[in-house]
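Let me begin by presenting the structure, written as structure tokens, before commenting on it.
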Amino acid sequence: MEHSEQQPAAGHSDHVARIQAQWRRERPDLDVSPLAVIGRLHRLAGRLTAELTLVYQRYGLSEGEFDALAALRRAGAPYERAPGELAAHTMVTTGAMTKRIDRLERAGLVTRRTAEDDRRGRVVALTDAGLRLIDEAFTTHIRNEHRLLAHLAPEEAAALQTLLTAWQTRLDGAGEPGDGR
């Protein structure tokens with residue numbers, strides 16, 4: 001084999017390794033080594049999302065609602081942002097953010113008001129109940145993330161953080177797919 005590829009420990013074959021073996025059998029003309037990383041990251045992302053959303057659900061929140069409340073909490077007192085800012089901080093469209101804000105407002109977790117400096121603008125703010133909920137939910141969320149990372153040695157987690165940061169930085173600087181860069 002000309003390319004280097006990380007294989008699972010001897011005697012251990014995971015789902016991705018089995019898929020790679022099947023593709024190597026069916027398409028020996030293709031180098032399927034990227035599956036070793038991308039396939040595992042994709043499966044891991046799904047697993048992590050499932051583990052994280054269990055915490056959000058415990059607090060009656062969807063992932064998006066948790067993100068919106070967390071973005072307001074991170075803003076610092078008085079825990080408010082314009083809806084467009086919230087959308088940018090949570091990487092969703094303004095339409096999706098409006099739906100989240102509607103649900104959070106109905107639940108009494110946020111309020112909306114006219115911006116003082118621009119009568120056309122709106123401001124979304126945490127209510128006292130929203131602040132209490134996100135503080136409690138975020139505490140549980142961080143404990144959950146610690147639990148999930150405990151499967152790695154501290155030096156493994158640090159190395160993974162370094163690798164993922166470098167990769168993301170390079171991808172973010174590479175432009176859009178298919179733009180020729």
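Those letters in the sequence shown? Residues 1 to 181, per my numbering, in order. Where is the CB? At the ideal position from N, CA and C, for every residue including glycine. These numbers were taken from a predicted model, which means no experiment stands behind them.
With a Cβ-Cβ cutoff of 8 Å, do residue i and residue j count as a contact?
{"i": "L41", "j": "I19", "result": "no"}
{"i": "A68", "j": "T90", "result": "yes"}
{"i": "V55", "j": "N144", "result": "yes"}
{"i": "V110", "j": "L126", "result": "yes"}
{"i": "L163", "j": "L48", "result": "no"}
{"i": "T94", "j": "G108", "result": "no"}
Classify residue i as helix, strand or coil using the three-state DSSP reduction.
{"i": "E26", "result": "helix"}
{"i": "V37", "result": "helix"}
{"i": "V123", "result": "strand"}
{"i": "V55", "result": "helix"}
{"i": "T93", "result": "coil"}
{"i": "V110", "result": "strand"}
{"i": "E85", "result": "helix"}
{"i": "E80", "result": "strand"}
{"i": "H151", "result": "coil"}
{"i": "A129", "result": "helix"}
Which term fits residue i, buried or exposed, when burial requires 16 or more other beta carbons within 10 angstroms of its beta carbon?
{"i": "A166", "result": "exposed"}
{"i": "R81", "result": "buried"}
{"i": "R100", "result": "buried"}
{"i": "G121", "result": "exposed"}
{"i": "A157", "result": "exposed"}
{"i": "L160", "result": "exposed"}
{"i": "A87", "result": "buried"}
{"i": "A71", "result": "buried"}
{"i": "G187", "result": "What the structure shows of the chain is the stretch from 1 to 181, and residue 187 is not part of that stretch, so it cannot be assessed."}
Who are the near neighbours of residue i in its chain, counting only those whose CB is closer than 8 Å to its CB and skipping five residues on each side?
{"i": "I142", "result": "none"}
{"i": "Y59", "result": "F66, L133, E136, A137 and T140"}
{"i": "L30", "result": "W23"}
May I have the straight-line CA-CA distance separating residue i from residue j, to the nearest angstrom?
{"i": "V124", "j": "V92", "result": "16 Å"}
{"i": "A96", "j": "L52", "result": "20 Å"}
{"i": "V37", "j": "A174", "result": "19 Å"}
{"i": "L152", "j": "H146", "result": "10 Å"}
{"i": "L171", "j": "L44", "result": "19 Å"}
Cutting at 7 Å between CB atoms, please list the residues of its own chain near residue i, excluding the five before and the five after it.
{"i": "R27", "result": "none"}
{"i": "A21", "result": "none"}
{"i": "V32", "result": "Q20, W23 and R24"}
{"i": "Y79", "result": "L72, R73, A125, L126 and L131"}
{"i": "Q168", "result": "none"}
Among the residues of its own chain, which have a CB less than 6 Å from the CB of residue i, if the five just before and after it don't count?
{"i": "D114", "result": "The sequence given here has Thr at residue 114, not Asp. There are no such residues."}
{"i": "T98", "result": "none"}
{"i": "E155", "result": "none"}
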